[in-house]
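Contents: one structure, followed by commentary.
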Amino acid sequence: MAEVRKIHVPASVVDSIRDQFESPAAAADSGGTVEAMVRQLRIEQRAPEPTHHHHHHSHVQQDADQEAEKLKRRLLGNWRLVKRARFNAAKRLRKRHEAGQLTFAISGIYGFLVPLFLLQFDSYLTSFAATVFSFGAAVAGALSFTIAMQYQQKDFKGRAAQLDECALKINNLSRHLMATPIGRSEDLRPFIHHYDEILSRCENHDEIDFELARRSHQPKNMTDEELSQWKRERWLLGFQLYRQTYTICAVVWLLPFIIGFIIWWTLAPA
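Residue numbers (the working numbering): 293 to 562.
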């Protein structure tokens, strides 16, 4: 409610007015008696609306804007990490697909070269040695068939394409959010809903993909010890990723030789 404030008129001013309006004519010309004029000078005035409520509302709005902006930056940071993790996952699956193709090729080389070798050097090999070579080639062929069935079921290439598409959609959504002014936290709900829809249509990345995304850029202002730790963690993650990708290749390449060597060592005639 507006505040009512009265104006105090000094006695000297009242006396001056009374002197000027002593005659009835002067009082009539002035629109009334001296007492009426004094009451007019002591009129109640409305004070302006208090501004503390307006300032309070302004501070509340400013705090809400800052909170919404803070939440927006947090979302953008999280989405940036998820986008990198999805790209890392797609890259990892593509490498596994390529490793599988290389494994099949090596197995095919075994299956082609071993019979050719036995045919060309049959007169130089004992029957036991020829049997060992043939068995090693059969092991390589069996491994190749098993791995081919497994890779076909897992569909690394198709899943990599889906993860790439998911990462691109997250990137587009992030750019849209960056270009959109956010005044309230409620304004972020459509973006969060769209983000959840994007994630629901795609498989999740692995933990190693997220850890690589976190360490994709070297932090600033690191001490020498922290930098060494950061580099060591990145190297360990890279080694773990390499081992997950190419272990199957090493098994197919080496296992026939290992089995052949064991057979030769244990069963070779004296």
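Note that the Cβ used here is the ideal one computed from N, Cα and C, for glycine as well.
CB of K565 within 8 Å of CB of L491, strictly | Shown here, the chain extends from 293 to 562; a query on residue 565 therefore has no answer.
Test item: CB-CB of A397 and I474 under 8 Å | Result no, Cβ atoms of A397 and I474 do not sit closer than 8 Å.
Would you identify the three-state DSSP class for Q454, choosing helix, strand or coil?
-> Q454 sits in a helix when the DSSP states are folded into three classes.
Verify whether the separation of the beta carbon atoms of F483 and L469 is less than 8 Å.
-> Their beta carbons are under 8 Å apart, which means F483 touches L469 by this criterion.
For L435, the three-state DSSP class (helix, strand or coil) | In the three-state reduction of the DSSP assignment, L435 falls in the helix class, which pools H, G and I.
Under 8 Å Cβ to Cβ from S466, same chain only, skipping five residues before and after it: list those, please.
-> Listed in chain order, the non-local C-beta contacts of S466 below 8 Å within the same chain comprise L368, W371, R372, K375, local neighbours out to five positions each way being set aside.
So does the region 439-446 actually touch the region 384-404, counting three or more Cβ pairs closer than 8 Å?
-> Yes, the region 439-446 is in contact with the region 384-404.
Spatial neighbours of Q332 within its chain, please: CB distance less than 7 Å, with the 5 preceding and 5 following residues excluded, ordered by chain position.
-> Caution applies to Q332, whose pLDDT of 44 falls short of 50 and renders its modelled position unreliable; the model cannot decide the point.
What's the C-alpha gap between E478 and F379?
-> Near 30 Å, if we compare the C-alpha coordinates of F379 and E478.
Spatial neighbours of P548 within its chain, please: CB distance less than 6 Å, with the 5 preceding and 5 following residues excluded, ordered by chain position.
-> Excluding sequence neighbours, P548 sits near G428, V431, A432.
So, F425 versus F437, is the Cβ gap smaller than 8 Å?
-> Their beta carbons are not under 8 Å apart, which means F425 does not touch F437 by this criterion.
Spatial neighbours of K461 within its chain, please: CB distance less than 7 Å, with the 5 preceding and 5 following residues excluded, ordered by chain position.
-> So the qualifying residues of the chain are I490.
Apart from the five residues just before and just after A328, which ones in its own chain have a Cβ nearer than 6 Å to its Cβ?
-> At A328 the pLDDT is 43, less than 50, meaning the model places this residue with poor confidence; the figure from the coordinates comes in the next sentence. Nothing listed; no residue qualifies.
Leaving aside the five residues before and after R493 along the sequence, list all residues of the same chain whose C-beta is less than 6 Å from its C-beta, in chain order.
-> Here R493 has no same chain residue with a Cβ atom under 6 Å from its own Cβ, once five neighbours each way along the sequence are excluded.
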